[in-house]
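Numbering (the numbering used here), first residue to last: 201 to 376.
Where is the CB? At the ideal position from N, CA and C, for every residue including glycine.
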Amino acid sequence: MSASDPSAILGVITGAVGAVTGAAGCVLGYLGYRRGSRHDVMETELRMLKEEVELPIRSRALKELIARAKQSRVRVQAAVGSAKSGAVAQFNAEADADLAELDSLWFSDADLKVLHTEPTNLDAISAQLLARAHGARVRFAQLEKKYEGALAEDERMREHIRRSMEQKSSRTPHQE
């Protein structure tokens with residue numbers, strides 16, 4: 201092989217281009233990895249901020265639902281003459297316990313302070329808080345179903361009372 205051999209020159213040029221391309225690919229890959237990591241951190245922070253806003257709103261709405269269900273249950277049971285029954289007392293006790301539980305389900309101020317001031321351990325803290333947020337959403341859904349069901353049951357009882365009252369009024373002769 202001589203120095204003027206075209207295949208040797210082509211091999212050297214191809215090798216140099218390959219070395220430069222490999223080095224550039226390595227640098228670009230590293231930059232892409234860092235950008236992806238920053239994107240993941242930003243996405244996690246965004247999810248946490250979303251939970252931070254959404255959970256208190258759902259908690260307030262659920263508290264209102266429970267209050268309506270308690271009021272509805274007392275009124276319906278009063279209409280049938282059992283407002284002071286053990287079933288009403290048990291329903292109210294369960295509702296009060298569920299109301300107390302709501303405040304412990306979402307993030308405390310201490311949780312949020314740690315999240316916003318300790319970025320060094322963000323992954324572990326975020327994972328714990330996101331797991332708690334998921335648990336809170338699941339529990340909120342269970343409680344919503346429970347108290348919406350109680351309201352629906354009370355509405356069925358109201359309808360039954362209305363029908364009974366209508367039947368009674370149609371049986372008695374009206375005086376004019």
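Quiz item: Counting pairs of Cβ atoms below 8 Å between the region 348-359 and the region 265-279, do you hit three or more?
Solution: yes
Quiz item: Got a sec? Which residues, its chain only, sit under 6 Å from A295 by beta carbon, not counting five neighbours each side?
Solution: I266 and K270
Quiz item: Just the Cα atoms here: how many angstroms apart are G215 and Y230?
Solution: 23 Å
Quiz item: Does DSSP classify G218 as helix, strand or coil?
Solution: The DSSP-derived three-state label of G218 is helix.
Quiz item: According to DSSP, is V280 helix, strand or coil?
Solution: coil
Practice problem: Throw me the rounded Cβ distance for the L228 and L262 pair, which I believe falls under 8 Å. | Solution: About 49 Å separates the two Cβ atoms, so there is no contact after all.
Self-check item: Nearest neighbour of S326, chosen from E344, L249, K368 and A287 [CA to CA]
Solution: Closest by C-alpha distance to S326, out of E344, L249, K368 and A287, is L249.
Quiz item: Using CA coordinates, which residue listed in S369, L329, L255 and G349 is at the minimum distance from S272?
Solution: G349
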